[in-house]
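Trainee: Pasting a structure here, questions to come.
Numbering (our numbering), first residue to last: 25 to 600.
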C-alpha cells in the first residue's frame with residue numbers, strides 16, 4: 025500500500041500566518057481608505073466654490089468645469105469604495121482558506137473529547153468571515169478619520185470644529201455604551217443559540233426513537249423553551265443596539281442642524297462666507313458617519329471578536345500532529361503498558377492499568393460484562409480517546425509520532441455503532457481516497473464478504489448510502505464498515521462488536537476476514553459478546569470493572585468461561 029502523507033497541521037504557525045495576513049490586508053484597506061476619505065472632501069469643496077465663486081460671478085463655464093471635476097472625483101470615489109469592499113471580501117475568504125483545514129480538524133478533536141458543541145468552531149469561522157466581508161471593518165477603519173474632518177472644520181472656523189468635536193465625543197460615548205451593554209448578553213446569546221442548534225441536531229439524529237416512543241411533544245416543548253430564551257435575549261440585545269442606533273441618528277441630525285446654525289451665525293457676524301454653511305454641514309455629516317456605521321455594525325463586531333477569541337484559544341490548545349514521516353510502517357508488535365483512560369471531559373476512568381502485548385498474526389478477543397470498559401479500551405487503542413496514564417506503542421513508537429492520517433492508514437476500525445459517511449459505497453470503503461483504485465475497493469469488499477450484496481444494489485458500488493448510512497440496513501452498514509477497515513491491508517484491526525448485526529453468512533465472512541488478516545501478519549483485536557468469534561482468535565483478554573481479570577491463550581481462558589468447560593477451536597498463531 026502506498027502511504028499518502030498529508031501535511032501536518034501546525035496550528036500556532038497558522039495563527040501567526042493569519043495575523044500576518046490580517047496586517048497586510050488591513051494596511052491595504054487603510055491605504056485605500058486614506059485616499060477615499062480625502063476624496064470625500066469633494067462635495068464640501070464643490071459646495072463652497074459654487075456658493076462663493078460661481079454664484080457671485082454668474083459664470084456658467086466655471087460651473088460646468090466644477091461639475092465635471094466633481095463628477096470625476098465622485099467616479100474615483102466609487103471605484104475606491106468598490107476596491108475597498110473587494111479587498112475586505114478577499115481578506116475574509118483568505119482567513120477562511122487559512123483556517124478551514126484546522127477548523128475541520130478542530131471539529132473532530134472536540135467531538136472526540138466529548139465537547140457538547142463540536143460544531144461551534146464552524147459557526148465561529150462563518151461569523152468571522154461574515155463580519156470581515158461586511159461594512160463593519162470599513163466603518164472601524166474610517167473612525168480615525170473623524171479627526172481629519174474635525175481638523176478641516178477647525179480650519180473653516182474654531183466654533184464649527186468645537187461643535188462637531190462635542191457631538192462626536194457624545195457619539196463615541198454612545199459607541200462605548202453599546203459595547204458595555206451588549207458584550208455579556210452577546211456571549212449569552214451565542215451560548216443559547218448553540219444550545220438550540222444542539223437540540224435540533226439531537227432531534228434529527230434520534231427522530232425514529234422520538235416518534236416511536238411518543239416523545240415528540242416533549243421534545244417540542246424543550247425546543248420551544250430553548251427558542252423562547254434565545255428570542256428573549258436576542259430581543260434585549262437587538263433592542264439596545266436599535267435604541268442606541270436611533271439615538272445616534274437623531275443626535276447626528278441635531279448636530280447637523282447645530283452646525284448649520286453656528287455657520288449661519290458666523291455668516292451673519294461676517295466671520296464666514298455663505299459657502300461655509302453648507303460645506304460645514306457636509307463635513308460634519310462625513311465626520312460622524314463612521315460612528316453611526318460602527319454602532320449599526322456593533323453586534324457583528326462583538327460577535328466576530330468573541331468568535332476569534334474562541335478560535336484562537338482552541339487552536340492554540342490543539343496538540344501538534346506527528347511529523348516523523350520517516351518512521352516505517354508498523355509490522356511487528358503492539359504493546360499496551362498500564363493503560364488507563366475514560367470518557368473525555370468526565371474525569372472518570374473506565375480502564376485502569378491494562379497490560380498486554382501482541383505480535384504480528386495475533387488475534388485478541390476482549391470479553392467482559394456490559395459497561396466493563398471493552399469499548400473504552402478499543403477507543404484508546406485507536407487514539408480516539410486520549411490516555412490518562414500508560415502508553416500504547418506499535419513497534420516501539422507511539423501513535424502520536426506519526427502524522428494522524430498516516431497512522432490512520434495503518435489502522436482498521438469498526439465502531440460499536442456504525443454510521444457511514446454520506447457518499448457512495450465505494451467512497452466509504454476507500455475512506456474517501458480520491459486516488460483509490462477500483463480493484464483495491466473490490467478486494468476489501470470481497471474480504472468482508474459484501475461484494476455480492478453490493479452488486480445487487482441498483483447502483484452497485486456507486487449507490488449512495490445517505491446521511492449516516494441510513495439508506496442501508498444495520499447489517500449492511502456493519503459489513504461495509506468492515507470492508508472499510510480492511511481497505512489498504514492495515515496492520516492493526518480494531519473491531520468493536522463487528523458481528524452484532526450480522527447473520528450467519530455475515531459471521532462467516534467476518535471469520536474469514538480475521539483469518540486472512542492474521543495470515544498476512546496483521547494484529548486483530550475484537551470485542552464480542554457472541555462466543556462464535558472465539559474460534560477466530562488465539563488470545564483472550566477478560567475485563568471486569570475496567571481492570572484485567574485474565575489474559576492468555578484462548579484454550580486456557582475460554583474453558584473458564586463456557587458452560588461445561590468445553591474447549592473452543594482456534595486458528596494457529598502465526599509467528600511475528
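Every residue, glycine too, gets a C-beta built ideally from N, C-alpha and C.
So, at 7 Å on beta carbons, what are the nonlocal neighbours of residue 42 in its own chain, with the 5 sequence-adjacent residues on each side left out?
Mentor: Residue mapping note: residue 42 aligns to position 18 of the chain shown, counting from 1. Same-chain partners within the cutoff: 119, 122 and 123.
Trainee: How far does the beta strand (DSSP E) with residue 359 in it extend, from its first residue to its last?
Mentor: Walking along the chain shown from the start, residue 359 turns up at place 335. Counting along the chain, the beta strand (DSSP E) containing residue 359 begins and ends at 357-365.
Trainee: Using 10 angstroms around the beta-carbon of residue 200, count the other beta-carbons present and answer buried if the total reaches 16, otherwise exposed.
Mentor: Taking the chain shown and counting its residues from 1, the one referred to as residue 200 is at position 176. Label assigned to residue 200: exposed.
Trainee: Measure from the alpha carbon of residue 518 to the alpha carbon of each residue in 379, 434 and 340, then state which is nearest.
Mentor: Sequence index remark: in the chain shown, residue 518 carries index 494 (1-based). Minimum Cα distance to residue 518 is reached at 434.
Trainee: Do residue 174 and residue 108 have their CB atoms nearer than 7 Å?
Mentor: Locating residue 174 in the chain shown gives position 150, where the first residue counts as 1. Locating residue 108 in the chain shown gives position 84, where the first residue counts as 1. No, Cβ-Cβ distance for residue 174 and residue 108 is not below 7 Å.
Trainee: Looking at residue 473 and residue 325, is the spacing between their C-beta atoms short of 7 Å?
Mentor: The residue labelled residue 325 in the question sits at position 301 within the chain shown. The residue labelled residue 473 in the question sits at position 449 within the chain shown. No, Cβ-Cβ distance for residue 325 and residue 473 is not below 7 Å.
Trainee: Using the beta-carbon count (16 or more within 10 Å), is residue 500 buried or exposed?
Mentor: Indexing the chain shown from 1 puts residue 500 at position 476. Burial call: buried.
Trainee: How should residue 599 be labelled, buried or exposed, when 16 other C-beta atoms within 10 angstroms of its C-beta is the threshold for buried?
Mentor: Position 575 of the chain shown holds residue 599. Bear in mind that a pLDDT of 36 at residue 599, under 50, signals an unreliable position, so the model cannot answer this.
Trainee: Does the count of Cβ pairs from the stretch 474-491 and the stretch 447-462 closer than 8 Å reach three?
Mentor: yes
Trainee: Measure the C-alpha to C-alpha separation of residue 319 and residue 271 and round it to an integer number of angstroms.
Mentor: Along the chain shown, one-based indexing puts residue 319 at 295. Along the chain shown, one-based indexing puts residue 271 at 247. If you take the alpha carbons of residue 319 and residue 271, they lie about 10 Å apart.
Trainee: CA-CA distance, residue 33 and residue 426?
Mentor: Position 9 of the chain shown, counted from the first residue, corresponds to residue 33. Position 402 of the chain shown, counted from the first residue, corresponds to residue 426. With a pLDDT of 45 at residue 33, under the threshold of 50, the predicted position of this residue should be treated as unreliable, and no value is reported.
Trainee: Taking the beta strand (DSSP E) that residue 568 falls in, what are its first and last residues?
Mentor: As a working mapping, residue 568 is identified with position 544 in the chain shown. Run containing residue 568: 563-568, per the beta strand (DSSP E) assignment.
Trainee: CA-CA distance, residue 423 and residue 429?
Mentor: Residue mapping note: residue 423 aligns to position 399 of the chain shown, counting from 1. Residue mapping note: residue 429 aligns to position 405 of the chain shown, counting from 1. Straight-line measurement puts the Cα of residue 429 at about 11 Å from the Cα of residue 423.
Trainee: Hey, is the stretch 411-422 in contact with the stretch 351-370, meaning 3+ C-beta pairs nearer than 8 Å?
Mentor: yes
Trainee: What first and last residue would you give for the alpha helix (DSSP H) that runs through residue 573?
Mentor: Numbered from 1 along the chain shown, position 549 holds the residue referred to as residue 573. For residue 573, there is no enclosing alpha helix (DSSP H); the enclosing beta strand (DSSP E) has its first and last residue at 571-577.
Trainee: Closest by CA to residue 70, which one among 361, 332 and 89?
Mentor: Along the chain shown, one-based indexing puts residue 70 at 46. That would be 89, whose Cα lies nearest to the Cα of residue 70.
Trainee: Per DSSP, which residues does residue 389 bridge with? Please list them.
Mentor: Position 365 of the chain shown, counted from the start, is the residue given in the question as residue 389. Looking at the DSSP output, residue 389 sits in a beta bridge with 550 and 564.
Trainee: For residue 519, report the span of its beta strand (DSSP E) as first-last.
Mentor: Taking the first residue of the chain shown as position 1, residue 519 is located at position 495. Start and end: 516-520.
Trainee: If you reduce the DSSP assignment to three classes, tell me which class residue 599 lands in.
Mentor: As a working note, residue 599 is residue 575 in the chain shown. Only weak support is given to the placement of residue 599: the predicted model assigns it a pLDDT of 36, under 50, and the question is left unresolved by the model.
Trainee: Count the other CB atoms within 10 Å of the CB of residue 415; is the residue buried (16 or more) or exposed (fewer)?
Mentor: Along the chain shown, read from residue 1 onward, the residue named residue 415 stands at position 391. It is exposed - the Cβ of residue 415 has fewer than 16 other Cβ atoms within 10 Å.
Trainee: So, with DSSP's three-state summary, where would you put residue 106?
Mentor: Numbered from its first residue, the chain shown carries residue 106 at position 82. Residue 106: helix per DSSP, three-state reduction.
Trainee: Mapping the DSSP letters down to three states, classify residue 380 as helix, strand or coil.
Mentor: Position 356 of the chain shown, counted from the first residue, corresponds to residue 380. Note: residue 380 maps to strand in three-state DSSP.
Trainee: From residue 266 to residue 307, what does the alpha carbon distance come to, in whole angstroms?
Mentor: Position 242 of the chain shown, counted from the first residue, corresponds to residue 266. Position 283 of the chain shown, counted from the first residue, corresponds to residue 307. So the alpha carbons of these two residues sit roughly 25 Å apart.
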